[in-house]
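Peer 1: Taken in order, these protein sequences are the chains called A and B. Position 247 (the first sequence) corresponds to 247 in our numbering; numbering is contiguous. Position 145 (the second sequence) corresponds to 145 in our numbering; numbering is contiguous.
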Amino acid sequence: MDILINDKQDFITPVPGIMMKNESVIIKRRTEDQLSHLDVLESESIHILREVAAECVNPALLFSGGKDSIVLLRLAEKAFRPGPFPFPLLHIDTGHNFPEVIEFRDRRAKELGERLIVRSMEDSIKQGRVVLRSENQSRNSFQSVTLLDSIAELELDACIGGARRDEEKARAKERIFSFRDEFGQWDPKNQRPELWDIYNTRVHKGENIRVFPISNWTELDVWEYIAREKLEVPHIYFAHNRDVYRRENGLLPVSHLVQPKDGEQSENIMVRFRTVGDMSCTCPVESDAANVEEIITETAITHITERGATRMDDQTSDASMELRKKEGYF
Amino acid sequence: MAGNNKISFSDTELLRFITAGSVDDGKSTLIGRLLYDSKSIFEDQLSSITNTSHKRGMTDVDLSLLTDGLQAEREQGITIDVAYRYFATPKRKFIIADTPGHEQYTRNMVTGASTANLAIILIDARKGVLTQSRRHAYLASLMGIPHLVVAINKMDLVGYSSDVVKKISQEFAEFAAKLGLENIVYIPMSALNGDMVVERGDNLSWYKGSTLMEVLENTPIDNDINLEDFRFPVQLVCRPKTKEFHDFRGYMGRIESGQISVGDEVTVFPSGLSSRIKEIVTYDGLLDHAFAPQSVTLTIEDHLDISRGDMLVKTENAPHVSKKINTILCWLSEVALDPKRKYLLKHSARIVKAGVSKIDYRVDINTLSHEAVDTLKMNDIGCVELNVQQPLACDDYQKNHATGSFIVVDEASNNTVAAGMICPANK
Chain A
1 MDILINDKQD
11 FITPVPGIMM
21 KNESVIIKRR
31 TEDQLSHLDV
41 LESESIHILR
51 EVAAECVNPA
61 LLFSGGKDSI
71 VLLRLAEKAF
81 RPGPFPFPLL
91 HIDTGHNFPE
101 VIEFRDRRAK
111 ELGERLIVRS
121 MEDSIKQGRV
131 VLRSENQSRN
141 SFQSVTLLDS
151 IAELELDACI
161 GGARRDEEKA
171 RAKERIFSFR
181 DEFGQWDPKN
191 QRPELWDIYN
201 TRVHKGENIR
211 VFPISNWTEL
221 DVWEYIAREK
231 LEVPHIYFAH
241 NRDVYRRENG
251 LLPVSHLVQP
261 KDGEQSENIM
271 VRFRTVGDMS
281 CTCPVESDAA
291 NVEEIITETA
301 ITHITERGAT
311 RMDDQTSDAS
321 MELRKKEGYF
Chain B
1 MAGNNKISFS
11 DTELLRFITA
21 GSVDDGKSTL
31 IGRLLYDSKS
41 IFEDQLSSIT
51 NTSHKRGMTD
61 VDLSLLTDGL
71 QAEREQGITI
81 DVAYRYFATP
91 KRKFIIADTP
101 GHEQYTRNMV
111 TGASTANLAI
121 ILIDARKGVL
131 TQSRRHAYLA
141 SLMGIPHLVV
151 AINKMDLVGY
161 SSDVVKKISQ
171 EFAEFAAKLG
181 LENIVYIPMS
191 ALNGDMVVER
201 GDNLSWYKGS
211 TLMEVLENTP
221 IDNDINLEDF
231 RFPVQLVCRP
241 KTKEFHDFRG
251 YMGRIESGQI
261 SVGDEVTVFP
271 SGLSSRIKEI
281 VTYDGLLDHA
291 FAPQSVTLTI
301 EDHLDISRGD
311 MLVKTENAPH
321 VSKKINTILC
331 WLSEVALDPK
341 RKYLLKHSAR
351 IVKAGVSKID
361 YRVDINTLSH
371 EAVDTLKMND
381 IGCVELNVQQ
391 PLACDDYQKN
401 HATGSFIVVD
411 EASNNTVAAG
421 MICPANK
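#1: Do the region 240-254 of chain B and the region 212-220 of chain B make contact, defined as three or more Cβ pairs closer than 8 Å?
#2: Quick check on B:V408: does DSSP put it in helix, strand or coil?
#3: Determine which residues of the region 329-358 of chain B have a Cβ less than 9 Å from any Cβ of chain A, and write them out in chain order.
#4: Helix, strand or coil: how does DSSP classify A:A60 here?
#5: Which first and last residues belong to the alpha helix (DSSP H) in which B:D305 is found?
#6: Could you please tell me which residues of the region 128-155 of chain B, in chain order, have their CB closer than 8 Å to any CB of chain A?
#7: State whether the region 390-399 of chain B contacts the region 317-332 of chain B, with contact taken as three or more CB pairs (one from each stretch) at a distance under 8 Å.
#8: Judging by CA-CA distance, which residue of A:E182, A:F142, A:E114 is the nearest neighbour of A:S124?
#9: Provide the residue span of the alpha helix (DSSP H) that contains A:S150, from first to last.
#10: Looking at the structure shown, is A:Y225 part of a helix, part of a strand, or coil, going by DSSP?
#11: Is the number of C-beta pairs between the region 294-309 of chain B and the region 34-49 of chain A that are closer than 8 Å three or more?
#12: Can we say the region 268-282 of chain B touches the region 301-321 of chain B, given the rule of at least three CB pairs closer than 8 Å?
#13: For a test of the three-state rule: what should DSSP assign to B:V150, helix, strand or coil?
#14: Just by C-beta distance, which residues in the region 145-177 of chain A are closer than 7 Å to chain B?
#15: Take B:N203 as the anchor and find which of B:E334, B:A83, B:P188 has the nearest alpha-carbon.
#16: I think B:G355 touches B:K342, with their Cβ atoms under 8 Å apart; what is that distance to the nearest whole Å?
#17: Contact between the region 48-59 of chain A and the region 112-131 of chain A: three or more CB pairs below 8 Å?
#18: Taking contact to mean at least 3 C-beta pairs separated by less than 8 Å, is the region 83-101 of chain A in contact with the region 211-224 of chain A?
#19: Check distances from the C-beta atoms of the region 74-90 of chain A to those of chain B and list, in chain order, the residues that come in under 9 Å.
#20: Taking only beta-carbon atoms, is B:N414 less than 7 Å away from chain A?
#21: Counting only C-beta atoms, is B:K93 closer than 7 Å to chain A at any point?
#22: Should B:T12 be flagged as near chain A, meaning a C-beta pair shorter than 7 Å?
#23: Are the CB atoms of B:F175 and B:V150 within a distance shorter than 7 Å?
#24: Select from the region 199-227 of chain A all residues with a C-beta closer than 7 Å to any C-beta belonging to chain B, and list them in chain order.
#25: Following the continuous alpha helix (DSSP H) through A:D39, name the residue where it begins and the one where it ends.
#26: Is B:T106 close to chain A, meaning its C-beta is less than 7 Å from at least one C-beta of that chain?
#27: Report the option in B:N193, B:V185, B:V352, B:R92 whose CA atom is closest to the CA atom of B:K208.
#28: Strictly below 8 Å CB to CB, what residues from chain B border A:L61?
#29: Using a threshold of 7 Å, state whether the C-beta atoms of A:Q191 and A:R165 are closer than that.
#30: So with Cβ pairs under 7 Å, would you call A:W196 a contact of chain B?
#31: Starting from A:D106, trace the alpha helix (DSSP H) in both directions and tell me its first and last residue.
#32: Between which residues of its own chain and A:T218 is the CB-CB distance below 8 Å, once the five residues before and five after are set aside?
#33: Decide if B:W206 is buried, meaning its Cβ has at least 16 other Cβ atoms within 10 Å, or exposed.
#34: For B:V409, decide whether its Cβ has a neighbour in chain A, counting only Cβ atoms nearer than 7 Å.
#35: Just tell me which of B:A318, B:A20, B:A177, B:R107 has its CA closest to the CA of B:L376.
#36: With 9 Å as the C-beta to C-beta threshold (strictly closer), list the residues of the region 384-410 of chain B near chain A in chain order.
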């Protein structure tokens, strides 16, 4: 087979009348016949999102304001515009989120003109569904309770999330369409085989599917895509001065939830967050990467995994993520 | 991750590959070596496996621990089918479908192989071509994996002998020829010592061919996608009905194969009605030409009744349309095929009911002989004729993976019970 796919320098022309972005339409240039890995990953993710929209009765897209779900939103725009999203955005708010991330979340949903549903763990605590040992305890694992309650309340049969297989070894073994039983549990031994890109979305009432359209993306792919698409991300991803203190191998950010113990000395240094989650368990890394290009360079040469450096709750044991997922976590 | 901070990954290609072989062949060590020598291992991963290696009384770091499994697997001594791993070099991004070799090898390898551009079949140099090597070669040919590498591993245990390599490659080539497998690359290596995986090493100077990494980086994959036969299954119909897009009616989907230009005449299956492409719409603007595997939205000149599951093709290049299809089924479920039952068949974006009209034979994947059977059990591969409720627009799998493949779902349990490939009748 000897086919010249593209004999023109650029075959994407500006569209009179159809303006899908706020800015002017991007003119893509291709000098090669081959799609880049980002093009291929993007197309795979769009295909997945459209399958969810077509086959699931009542899906929602989990949007936290973090970089992975920011990428999901752009992919949803690519999948469904000029139509509206065929699902609402859903955020499970632990009440311990970074304020700038919450501000970003609300603004982004508004810009897109899409519906945002927020369910808060505070409510689960008030209702006695979540019982914390202490007020400042990490709330990350308790998200599952609020998430499962929301799934039941909103009668969701599919939740779209931004998890990636390169994050963690339990994720590495999870399907793109990951079946959860009526208790929201993931059973790693009993997963549906997933062949080609033909997805089985079927569930019985009360069960649900977690869908991970960017399963095959790596942390670096996500940042390269953010650069390519010129996506805005919350400022805490970029290097900034922050009071932190050192505990074991990590840095802990000082906040009203997290204070140094006796003998621990806080210091003010340049850091950035690689993930944004619950404030009480998300740790920054030392960095002077002040923009997306510098983050890409840093990510390309980093020697520590994303979660290894930043998540206290993944370090408690070798199987932390696996155990949380079995309880209904992402 | 990689050693050079000037690397730009944004224009690299994506290669997906599968490793076939058992733990005894050194598969985990090979994957560990690929990740380690390509500097894709992170410090915290390395310190974790170093600790574990020392706990288990080893002096060297056991690279196979990098692919160590979940708690559920360790506790129960089982291996959960496919794990996906990612690494990159300046030339390409790689996705490894890492499948365990022992248990459920057919189910696992078929799953991993379904998306692979390339398969690495591992052979222990001491043991030569075994039954399982033939099995892996058969599955690679059945699944139509375009590129095959035979990794003759553990060369350190046979004195790095070229005679051993010659014998193994001749024997494998004879068998592969019967399967119609071509373009096989044979690489002698020691994953343990790192010879010919990423680095050439000092022990195989007689071998002048490529290292495994060179093959992974340079195997041409442009032609792996069928660019001749335009196939566009409609996933969604977009009708925003907003003021701005009042009359917009777009057909959303991914070009599964082939290419399309504005003005091309297309026919819709199964209705058989024709029109011309008016626009190729994407979020980033209109295209005048698009090709597989791009996801796009198409509009056409005429108002036709088109819904999800229909397929747009170029008028002069039509697929088969039939209610009777000849298939190879790989049975994946613990519950055997019940020929009396109806199943759901998902083919591209279409779900139809299907029943078995006859089971031609089961393939003994060790001898490739055919056996008469009245059911298929887990890990069985058989030739089965199916009746489907509505006509399917499809192609032979070996010609077009995207429109030649389907899954079978048990309507009662909702489980995926089989993978299917459409093949020419009376074969």
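Glycine residues also receive a C-beta, built at the ideal position from the N, C-alpha and C atoms. None of the values given here were measured: they were computed from a predicted structure.
Peer 2: On the basis of the supplied data:
#1: No, the region 240-254 of chain B does not touch the region 212-220 of chain B.
#2: Here residue 408 of chain B corresponds to residue number 408 of the second sequence, with the count starting at 1. DSSP places B:V408 in the strand class (E or B) of the three-state scheme.
#3: For the region 329-358 of chain B, which is checked against every Cβ of chain A, the residues closer than 9 Å are C330, L332, S333, L344, K346, H347, S348, A349, I351.
#4: Position 60 of the first sequence, counted from the start, is the residue given in the question as residue 60 of chain A. Correct three-state label for A:A60: strand.
#5: Within the second sequence, the letter at position 305 stands for residue 305 of chain B. Note, B:D305: premise wrong, no alpha helix (DSSP H); not H, not E.
#6: Within the region 128-155 of chain B, no residue has its Cβ closer than 8 Å to any Cβ of chain A.
#7: Cβ pair count under 8 Å is three or more, so yes.
#8: For the purposes of this step, residue 124 of chain A is taken as the residue at position 124 of the first sequence. Among A:E182, A:F142, A:E114, the Cα nearest to that of A:S124 is on A:F142.
#9: Start at 1 with the first residue of the first sequence, and residue 150 of chain A comes out as number 150. The continuous alpha helix (DSSP H) containing A:S150 extends over residues 143-153.
#10: The residue given as residue 225 of chain A occupies position 225 in the first sequence. DSSP places A:Y225 in the helix class (H, G or I) of the three-state scheme.
#11: Three or more Cβ pairs drawn from the region 294-309 of chain B and the region 34-49 of chain A lie within less than 8 Å of each other, which places the two stretches in contact.
#12: A contact exists between the region 268-282 of chain B and the region 301-321 of chain B.
#13: Reading the second sequence from its first residue, position 150 is the one you call residue 150 of chain B. B:V150: strand per DSSP, three-state reduction.
#14: The residues in question are R165, D166, K169, A170, A172, K173.
#15: Stepping through the second sequence from its first residue, residue 203 of chain B is reached at position 203. Looking at the Cα atoms, B:P188 is the closest of the given residues.
#16: Walking along the second sequence from the start, residue 355 of chain B turns up at place 355. Walking along the second sequence from the start, residue 342 of chain B turns up at place 342. Your pair B:G355 and B:K342 checks out as a contact, with CB atoms roughly 5 Å apart and the cut at 8 Å.
#17: Contact fails: fewer than three Cβ-Cβ distances are below 8 Å.
#18: No, the region 83-101 of chain A is not in contact with the region 211-224 of chain A.
#19: Residues passing the 9 Å Cβ filter: R74, E77, K78, A79, F80, R81, P82, G83, P84, P86.
#20: In the second sequence, the residue the question calls residue 414 of chain B occupies position 414. For B:N414, a Cβ of chain A is located within less than 7 Å of the residue's own Cβ.
#21: The residue you call residue 93 of chain B lines up with position 93 of the second sequence. True, the Cβ-Cβ gap to chain A drops below 7 Å.
#22: Mapped onto the second sequence, residue 12 of chain B falls at position 12. True, the Cβ-Cβ gap to chain A drops below 7 Å.
#23: Counted from its first residue, the second sequence places residue 150 of chain B at position 150. Counted from its first residue, the second sequence places residue 175 of chain B at position 175. For B:V150 and B:F175, no; Cβs fall outside 7 Å.
#24: Going along the region 199-227 of chain A in chain order, one finds N200, R202, V203, H204, N216, T218, L220, E224 with a Cβ nearer than 7 Å to chain B.
#25: Here residue 39 of chain A corresponds to residue number 39 of the first sequence, with the count starting at 1. A:D39: member of the alpha helix (DSSP H) spanning 37-55, first to last residue.
#26: For the purposes of this step, residue 106 of chain B is taken as the residue at position 106 of the second sequence. False, the Cβ-Cβ gap to chain A never drops below 7 Å.
#27: If you number the second sequence from 1, residue 208 of chain B lands on position 208. Checked all of B:N193, B:V185, B:V352, B:R92; the closest Cα to B:K208 is B:V185.
#28: Taking the first sequence and counting its residues from 1, one reaches residue 61 of chain A at position 61. Result: empty, since nearest Cβ-Cβ is about 16 Å, beyond 8 Å.
#29: Locating residue 191 of chain A in the first sequence gives position 191, counting from the first residue. Locating residue 165 of chain A in the first sequence gives position 165, counting from the first residue. The Cβ-Cβ distance between A:Q191 and A:R165 does not fall below 7 Å.
#30: Residue mapping note: residue 196 of chain A aligns to position 196 of the first sequence, counting from 1. It does: the Cβ of A:W196 has a partner Cβ on chain B nearer than 7 Å.
#31: Position 106 of the first sequence holds residue 106 of chain A. Note, A:D106: alpha helix (DSSP H), 99-112.
#32: As a working note, residue 218 of chain A is residue 218 in the first sequence. Once the five neighbours on either side are set aside, the close Cβ partners of A:T218 are R164, D166.
#33: Here residue 206 of chain B is taken as the residue at index 206 of the second sequence, counted from 1. Per the 10 Å Cβ criterion, exposed.
#34: Position 409 of the second sequence, counting from 1, holds the residue named residue 409 of chain B. With a threshold of 7 Å between beta carbons, B:V409 makes contact with chain A.
#35: Along the second sequence, one-based indexing puts residue 376 of chain B at 376. Among B:A318, B:A20, B:A177, B:R107, the Cα nearest to that of B:L376 is on B:R107.
#36: Residues of the region 384-410 of chain B that bring their beta carbon within less than 9 Å of a beta carbon in chain A comprise H401, A402, S405, F406, I407, V409, in sequence order.
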